[in-house]
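Each residue of the sequence shown is one higher than the last, beginning at 1 in full-length UniProt numbering.
C-beta atoms are modelled at their ideal positions from N, C-alpha and C, and glycine is treated no differently.
Structure first, then comments.
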Amino acid sequence: MPAVEVPGGYTLIVEGPARVRVASGHVEVFGAGFPSDSEVGVEPFRALPFYAKEPSRLEVEQGKFWFVRGSTIPPSWVKVAEEITSTKPRRVVVVGDVDSGKTAFTTLLLNTLVSNRVGTAVVDADVGQKSIGPPASLGMGLARSQAASLCDVPFEDGFFIGSFTPAGLIHRSAVGSLLLAQRAERSGAETVLVDTAGWVREWGGRELKLAETLALQPDYVVFVGEKEEVSQVLRPISGFFSTVLVEPAHVLRQRSREERREYRRYLYRKWFTGAREVTLQLERTPVLYTALFNGVALSQEEVERAEALLGVRINYAERTDNTLVVFSEEQPRTTDLAKSVFSVSEVRVLTGVELLYNVVALASRERFLEGLGVVTGFDSSRGELRVYTAAKQKEGMVLMVGNYKLNPVTFDEIIVEKNPILI
């Protein structure tokens, strides 16, 4: 493990994956102090700034590192974090563009609150580049001590939105943020910080931030970035809430699209550790985010009539909303007559293969998110779904269906433009 001498007043930036041990001296990371013999982990595709308040000796295992003179934390950040902490706010929402430093500021504010003995929780609302919780989900953690990174805040609960982008799912992001904030408060948090997704541009980004802030009713909304980059969000939100604008981070490690994808793969591996295949009885398992398996099963007489109209053998069929869903290994010649007889606008014929590798989540009455899963099999005649998951099985589990697929071996994401199981 190479030892690095860091002069007082300098910052050693370490890029992960890495492990850093403070052999001597004292360093700070986003306001969290680490004396001699402390150890800090740095996750892949992330970088942490170790500021030496005095001459220090750091042992760095793996990773890359380089020096920066002075502190990388803007003085304005420290001032704003101290001012906000002095008011003991109930909720603070942090907004910023991709690679603006919003997560870094959230970490600094967290450490300032914790150092002032304020019970603090963090809601990680960035569904793509997670610090707390798995991809495609919001995550909530309760800070029991200062943290070098939000990744170090213990996960308490999450909320699965079904995608690693909030586009088209603004309602789930807003509802999930509020539910997790309320859960954190019931768990004793005095202040809840919400680190939002780095999407502030375009109509969708503006609507997402407005929906989240209106739902959360925060005491402060902190915008990280240049004014021209966030003004389209800052101005409308400032009409409802106290807003603060701080400059972007001085030093950033920007991640490419491929690195962001690799980081999610790293997270999948972590959240599927210890996974095994479980069988869910769909008759006893409520299903969310699709009308599939929530309809009324056809009677035997109706199944026989549908078979005659479609010219296929049916393993299972149900009527849901204005759609007749049929599971069959054969494709019908035409569906027009069945539409007319069953008074539906669509007949959707599935083989069951469409379910394979679909990402799902398991929830319970105790937790909004017990864990992620991948569908590995479906028996339409028995109404059984096989799911590869690390989630512990409980009575009354709920299945939440995502809008993309995931290879359970390589953890490659598979985008499905029109997922046929989302009815």
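Looking at the secondary structure, which residues open and close the beta strand (DSSP E) in which residue i lies?
| i | result |
| --- | --- |
| Arg19 | 18-24 |
| Asp336 | Where Asp336 is concerned, there is no enclosing beta strand (DSSP E), although the alpha helix (DSSP H) it sits in stretches over 336-342. |
| Arg348 | 346-350 |
| Leu12 | 10-15 |
| Ala317 | 316-320 |
| Lys53 | That residue, Lys53, is in no beta strand (DSSP E); it is neither H nor E in DSSP. |
| Ala147 | It is not in any beta strand (DSSP E) - Ala147 carries neither H nor E in the DSSP assignment. |
Can you tell me which of the options puts its alpha carbon nearest to the alpha carbon of residue i?
| i | options | result |
| --- | --- | --- |
| Arg348 | Ile170, Pro420, Pro49 | Pro420 |
| Gly25 | Arg91, Ala3, Arg90, Pro286 | Ala3 |
| Val114 | Phe45, Leu193, Ser38, Val60 | Leu193 |
| Ile314 | Gln300, Pro154, Phe50 | Gln300 |
| Ser76 | Thr87, Leu288, Leu245 | Leu245 |
| Val222 | Ser145, Arg91, Ala363 | Arg91 |
| Ser173 | Gly295, Phe160, Arg183 | Phe160 |
| Leu180 | Gly133, Asn358, Val6 | Gly133 |
Can you give me the C-alpha to C-alpha distance between residue i and residue j, rounded to a whole angstrom?
| i | j | result |
| --- | --- | --- |
| Arg382 | Glu247 | 58 Å |
| Ala23 | Arg257 | 36 Å |
| Arg365 | Arg19 | 38 Å |
| Arg265 | Val409 | 11 Å |
| Gly239 | Phe105 | 23 Å |
| Gly198 | Glu330 | 45 Å |
| Trp271 | Leu324 | 36 Å |
| Gln281 | Leu108 | 46 Å |
Return the bridge partner residues of residue i from the DSSP annotation.
| i | result |
| --- | --- |
| Ala3 | Glu59 |
| Met400 | Leu288, Ala361 |
| Tyr220 | Val92, Ser242 |
| Phe34 | Val27 |
| Thr191 | Thr120 |
Helix, strand or coil: how does DSSP classify residue i here?
| i | result |
| --- | --- |
| Ile415 | strand |
| Glu370 | coil |
| Thr87 | coil |
| Val118 | coil |
| Leu356 | coil |
| Ala211 | helix |
| Gln254 | coil |
| Gly141 | strand |
| Lys130 | coil |
| Thr103 | helix |
Hey, would you say the C-beta of residue i is under 8 Å away from at least one heavy atom of the ligand SAH?
| i | result |
| --- | --- |
| Leu298 | Looking for the ligand SAH in the displayed structure turns up nothing, as the structure carries no ligands at all. |
Start and end of the alpha helix (DSSP H) containing residue i?
| i | result |
| --- | --- |
| Ala391 | Per DSSP, Ala391 belongs to no alpha helix (DSSP H) and is neither H nor E. |
| Gly176 | 170-186 |
| Arg305 | 300-310 |
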